[in-house]
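For the protein sequence lines, the chains are A and R, in the order given.
Using UniProt numbering, read the first sequence as starting at 1 and increasing by one per residue.
Using UniProt numbering, read the second sequence as starting at 1 and increasing by one per residue.
Glycine is no exception: its CB is placed at the ideal position from the N, C-alpha and C atoms.
Keep in mind it's a predicted model, so treat the numbers as computed, not measured.
What follows is a short report on a single structure.
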Amino acid sequence: MNRRSVWTVVSAIVVTLLGGCSPQKYSANYTSGLVYCSESDPISMNPQLDTSTTTADATAHQIYNRLLEFDTETGRIRPSLATKWSISQDGLRYRFLLRQDVGFHSTSYFTPSRLLNAEDVLFSFNRWRLPEHSFHPVSGGYYPYFESLGLADNIADITALSPFEVEITLKQRDSSFLANIASDFSVILSAEYGDLLMSRGTPEKIDRLPIGTGPYQYADYQKNHYIRYDVNEQYWEGTPASESLIFDITPKSSLRLAKLMTGECDAIAFPARVDHQVIRERDDLALDEKAGLNIGFWAFNTERAPFDNPAVRKALAYAIDKNTLIEAVYFDSATRAKSLLPAASWAYQPDAQDTGYNPVLARQLLDQAGIEPGFSMTIWAIPVERAYNPNAQKMAELIQRYLADIEVEVNIVSYDWSTFRRELRRGNHDSVLIGWSADNGDPDNFYRPLLSCDAIPSGTNRARWCNPTYDELLDRALQTEDIDIRKALYLKANELLFDKLPIVPIAHAYRYQAYRKELSGMVINPYGGVRLGGVTKHRD
Amino acid sequence: MTRILFRYFVLFTLTLLALCALSFSLIYLFPAEPVTTLTGITPQNLIQHEALINQYHLNSNILVQFGDYLSELFAGNWGVSLISGQPLSKEIMLALPATIELSACAMFIVVVIGIPLGCYSGLRAYSNADFTINSISVTLYSVPVFWLAVIFILTFSLQFGWLPLSGRVNLLFDIPHQTGFLFIDILLADNLDKSAALSDAFLHLILPTLSIALMSTASMIRITRRSIIDVLNKPFIIAAKSKGLSSRQIFVRHVLRNALLPILPLMAMQITTLITNAMIVETLFSWPGIGNWLIQAIYQRDYSALRMGMLAVSTLVVMITIAIDLFNRLIDPSREKFESVTI
């Protein structure tokens, strides 16, 4: 072979190879499946057991339904599995009329023999409500949402009046009750499936291999990798257009964006603030925004000295400049938080008291409290991005610098999300940067789970702060339907919170949803997890 | 022959034993409770703690413990992951094939491109073509793998949008796990558009494979070239030429065979570099292999996973190295004289 022929062959190979990479866009339109890139692993496949957004996103509106539902636009409560409801004059008895055409998922591990009826509603409620219920202790026996709200204690009785009519009797009036049973966590499970699992001796499977009534049914899950759902062809609201749904678990937000750009994801959770501009500039991507019902805060573990002293907590709050934190961490996508409630709530108090930036005062307060210079504390920063805190690590570093100015040393602690939550629940932290996304539009949904005494064992009270006066104010606010009275009580609670400062409110963030323009029906749900049932993808 | 095999077997066993000893020592070296590192179970109470200690003989003397550790290892009881609670044997068996698949594809490219180009370059030593190939290979050899991977992602995935950037195959394909080797699994699967799945898997494979293969290809070119030049200068080539053999005959019969012999052991070394690089590249391309898995374990301080992961990867590398060395010894008569066995 002479030199020329060798070069001919080489160039022929090169040309073929280049020809192979003809400029055709990578696209994955093999099926009408939908890929949603989520940020982390769900803790369980049953939202009754966990309050995190990740769990709610992956399960609440994909696998399950509730009796009632929030309208994402108006925030009003609308029928779902219950077609009608009525409340008695004294506000204690609630009657729900159920739909009669709702079937449960038929999967490889369960085939339902009957449609949804009152028995399933009783089963689902009694599971978290009654400690003696056979399913109560299954999977840990913790029902954080209901426990933090004290919901189980307030329900006197649930009875089936007929196969499709349920009556719930409360002990005390609770004006947030309907909002609570419309939240992500009040899902309806299958009693028949429960019985089957119990008779097989594997009751814990109910939370790993879920059966619900939602638009998608569970197919497969690999930790750190993906969750696979099949379409529920008998879905009562009409079969979804996608034959399958995938949650591609991608913890890094930059990678989620990259995958959105290449089309490997159709929609992503929590687009990072720095990426918003990139998304807006591209023709094939869309970014929706909506004021969110959430709060990012810095909570002190008030069970630990010296954070049990309100003066110390205040000193630390005065040492940080919230505006700078908000600018650096949220860019332009959050408003400063003064109390717990965002402006979207009807009980919002625009003139609530707030701590300013005053390091001199901070040091003075610390001196008075007997905290020597060189005192060292930990700040736990959540390892995941959340709407309420997109970059807790960075915020922790900024706070570290601020506290260095008043000669307090800070160690930043972070674990992976599930370990982090476990350790946090054990109360091993000095302080933590975390937040809360409301599960319903009621103010009680901020005040009670975040700081009431009942919320300490259920793990949502990160400050582990318990104050009887505060709890009493909240209870009184639920005794009445009168908005003005309720509002006045919440203002009092705000005053108390400013005085004791168990948590430093930092910001209320907007919520964003980034997706490819081929999708239609993608709506931000301010009242909880993402809803993918009505989303369709147009094929090219 | 039997003697050689026996010697290699002894070498292999001893190395494995040393690795096991090292991984055993990690139980005490990691900053966690030995029971936890060994089993992956965090004891919830004293009774469980006690029971685990008794079960694994953790309060007997160290040799008994080690013996017990070995028997557990061989019985396939590798403990569970501290974080996920899954058996480690299952997790490793899920991750390892992905890494082997990636490395094998990369090795294929290294051999198919590296050796011919090296031969060509060596035969035409000091010509313009040689200089071109040589300078390209030196450049590629100097490029860090992680940087190259990022550049590939930026160019081919994000800029042009030709190739996907994460995973082994689009998740919309529901491919049941059977062997762990994706291409085999696709062929075994039913209810699947096989050609679409195969081409999708192939597209996913291109960037990660190239990222790790290019550097090793570059060094393969240089090794082959050097070896060819050395052989060309040997007297028996002049003898062959004087016999009037054509240059093709000389190349095939004398040059190639003699040149490839010293390449083989160097290739073994390349495999270890390749696997190391594969582990770096896996994290960049979210390739669900052992490297990605180990990095996750490091982040999450999953000590039991780290212990077993280290053992699994090093066993794989030792096995490949020894196998190639053995193969090399079998085809190379000149090494018969050296009785001692080396890695």
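Spatial neighbours of Ile92/R in its chain, beta-carbon cut-off 6 Å, leaving aside the 5 residues before and after: Your numbering for residue 92/R matches position 92 in the second sequence. In its chain, beyond the 5 residues on either side, Ala312 have a beta carbon closer than 6 Å to the beta carbon of Ile92/R.
Interface partners of Gly161/R on chain A, CB under 8 Å: For the purposes of this step, residue 161/R is taken as the residue at position 161 of the second sequence. Lys25, Tyr26, Met261, Thr262 and Gly263, listed in chain order.
Whether Thr355/A touches Tyr330/A by CB criterion (7 Å): Counted from its first residue, the first sequence places residue 355/A at position 355. Counted from its first residue, the first sequence places residue 330/A at position 330. No, the Cβ-Cβ distance between Thr355/A and Tyr330/A is not below 7 Å.
Sequence-distant residues of the same chain with beta carbon closer than 8 Å to Ile324/R, five excluded per side: The residue you call residue 324/R lines up with position 324 of the second sequence. For Ile324/R, where only same-chain residues beyond five positions count, the Cβ hits under 8 Å are Leu264, Pro265, Met267, Ala268 and Ile271.
Coarse secondary structure for His133/A, derived from DSSP in three states: As a working note, residue 133/A is residue 133 in the first sequence. Coil, per DSSP.
Proximity test, Cβ basis, 7 Å: Ser89/R and chain A: Here residue 89/R corresponds to residue number 89 of the second sequence, with the count starting at 1. No, no contact with chain A.
Assumed close pair His538/A, Ser520/A - CB separation to whole angstroms, cut-off 8 Å: Position 538 of the first sequence, counted from the first residue, corresponds to residue 538/A. Position 520 of the first sequence, counted from the first residue, corresponds to residue 520/A. At roughly 7 Å, the Cβ-Cβ gap stays under 8 Å, so His538/A and Ser520/A are in contact.
Contacts around Cys21/A, its chain only, beta-carbon distance under 8 Å, and the 5 residues preceding and following it disregarded: Walking along the first sequence from the start, residue 21/A turns up at place 21. Below a pLDDT of 50, predicted positions are generally treated as unreliable, and Cys21/A, at 45, falls in that range; the measurement from the model is reported next regardless. If we look at Cys21/A and ignore the five residues flanking it on each side, it has no Cβ neighbours.
Distance, Thr315/R Cα to Arg307/R Cα: For the purposes of this step, residue 307/R is identified with residue 307 of the second sequence, where counting begins at 1. For the purposes of this step, residue 315/R is identified with residue 315 of the second sequence, where counting begins at 1. Going by the C-alpha atoms only, they are around 12 Å apart.
Cβ shell of residue 543/A (< 6 Å), same chain only, five flanking positions each side left out: Summary: the structure shown does not reach residue 543/A, with chain A confined to residues 1 through 540, and so no result is reported for it.
Closer than 7 Å to chain R by CB, Asp416/A: Stepping through the first sequence from its first residue, residue 416/A is reached at position 416. Yes, Asp416/A counts as interfacial toward chain R.
Residues near Arg476/A in its chain [Cβ-Cβ closer than 7 Å; skip 5 each side]: Here residue 476/A is taken as the residue at index 476 of the first sequence, counted from 1. Counting only Cβ-Cβ distances below 7 Å, and skipping sequence neighbours, we find Leu489.
Residues of the segment 164 to 181 of chain R with Cβ closer than 8 Å to any Cβ of chain A, in chain order: Closer than 8 Å at the C-beta level to chain A, one finds these residues of the segment 164 to 181 of chain R: Pro164, Leu165, Ser166, Gly167, Asn170, Leu171, Leu172, Phe173 and Asp174.
Cβ of Lys517/A within 7 Å of any chain R Cβ: Residue 517/A sits at position 517 when you count from the first residue of the first sequence. It does not; no Cβ of chain R falls within 7 Å.
Chain A contact for Gln249/R (CB, 7 Å cutoff): If you number the second sequence from 1, residue 249/R lands on position 249. Judged by the 7 Å Cβ criterion, Gln249/R is not in contact with chain A.
Enclosing alpha helix (DSSP H) for Gly194/A [first to last residue]: Here the question's residue 194/A lines up with position 194 in the first sequence. Taken as a continuous stretch (DSSP letters only), the alpha helix (DSSP H) holding Gly194/A covers Ala191 to Arg200.
Helix, strand or coil at Ile155/A according to DSSP, with G and I counted as helix: Translated into positions along the first sequence, residue 155/A becomes position 155. The three-state secondary structure of Ile155/A, taken from DSSP, is strand.
At least three beta-carbon pairs within less than 8 Å, the segment 287 to 300 of chain A to the segment 501 to 516 of chain A: yes
Within 8 Å of chain A by C-beta, residues of the segment 69 to 86 of chain R in sequence order: Ile83, Ser84 and Gln86
Option in Arg304/A, Glu264/A and Ala56/A with minimal Cα separation from Phe185/A: Counting from 1 along the first sequence, the entry for residue 185/A is found at position 185. If we check each option's Cα against that of Phe185/A, Ala56/A comes out closest.
Near-chain R residues of the segment 198 to 224 of chain A - C-beta to any C-beta below 7 Å: Shown in chain order are the members of the segment 198 to 224 of chain A whose Cβ falls below 7 Å from a Cβ of chain R: Lys223 and Asn224.
is_contact[Ile246/A, chain R] using C-beta, thresh 7 Å: In the first sequence, the residue the question calls residue 246/A occupies position 246. By this cut-off, Ile246/A is an interface position.
Inter-residue Cα distance where the pair is Glu518/A and Leu245/A: Counting from one through the first sequence, the residue named residue 518/A turns up at place 518. Counting from one through the first sequence, the residue named residue 245/A turns up at place 245. It is roughly 15 Å from the alpha-carbon of Glu518/A to the alpha-carbon of Leu245/A.
For Leu182/R and Asp230/A, the rounded distance between their alpha carbons: Locating residue 230/A in the first sequence gives position 230, where the first residue counts as 1. Locating residue 182/R in the second sequence gives position 182, where the first residue counts as 1. Spanning the two alpha carbons is a distance of roughly 22 Å.
Ranges of the alpha helix (DSSP H) found wholly within the segment 451 to 523 of chain A, counting only runs of at least 4: Entirely contained in the segment 451 to 523 of chain A, the alpha helix (DSSP H) runs reaching 4 residues are, in chain order, 455 to 458, 468 to 478 and 483 to 500.
Within 7 Å, strictly: CB atoms of Ser121/R and Ile133/R: What you label residue 121/R is simply residue 121 of the second sequence in a count that begins at 1. What you label residue 133/R is simply residue 133 of the second sequence in a count that begins at 1. It is a contact, given that the beta carbons lie within the stated cut-off.
Interface flag, Leu117/R vs chain A, CB-CB below 7 Å: In the second sequence, residue 117/R corresponds to position 117, counting from 1. It does not; no Cβ of chain A falls within 7 Å.
Inter-residue CB distance, Ile188/A and Val121/A (contact presumed, cutoff 8 Å): Residue numbering aside, residue 188/A sits at position 188 when the first sequence is read from its first letter. Residue numbering aside, residue 121/A sits at position 121 when the first sequence is read from its first letter. At roughly 6 Å, the Cβ-Cβ gap stays under 8 Å, so Ile188/A and Val121/A are in contact.
Interface flag, Leu158/R vs chain A, CB-CB below 7 Å: For the purposes of this step, residue 158/R is taken as residue 158 along the second sequence, with counting starting at 1. Interface residue, yes.
Gly238/A (DSSP reduced to helix, strand or coil): Position 238 of the first sequence, counting from 1, holds the residue named residue 238/A. Residue state, collapsed to three classes: coil.
CA-to-CA distance, Tyr142/A to Ile434/A, given in whole angstroms: On the first sequence, position 434 is the one that residue 434/A refers to. On the first sequence, position 142 is the one that residue 142/A refers to. Approximately 21 Å between the Cα atoms of the pair.
Cβ pair Leu403/A, Ser175/A closer than 7 Å: For this step, residue 403/A is matched to residue 403 along the first sequence. For this step, residue 175/A is matched to residue 175 along the first sequence. No, the Cβ-Cβ distance between Leu403/A and Ser175/A is not below 7 Å.
Limits of the unbroken beta strand (DSSP E) element including Lys90/R: As a position in the second sequence, residue 90/R is number 90, starting the count at 1. Taken as a continuous stretch (DSSP letters only), Lys90/R belongs to no beta strand (DSSP E), being part of the alpha helix (DSSP H) at Leu88 to Ile109.
Pro23/A burial status per 10 Å Cβ neighbour count (16 or more: buried): For the purposes of this step, residue 23/A is taken as residue 23 along the first sequence, with counting starting at 1. Caution is warranted here: a pLDDT of 46 is assigned to Pro23/A, below 50, making its placement in the model unreliable, and the coordinate value is therefore given only provisionally. So Pro23/A ends up on the exposed side.
Cβ separation of Lys487/A and Ala347/A, assumed to be a contact under 8 Å, to the nearest whole Å: In the first sequence, counting from the first residue as 1, residue 487/A sits at position 487. In the first sequence, counting from the first residue as 1, residue 347/A sits at position 347. Confirmed, Cβ separation roughly 5 Å.
Simplified DSSP state of Leu29/R, which is helix, strand or coil: Taking the second sequence and counting its residues from 1, the one referred to as residue 29/R is at position 29. Looking at Leu29/R - three-state DSSP - the assignment turns out to be helix.
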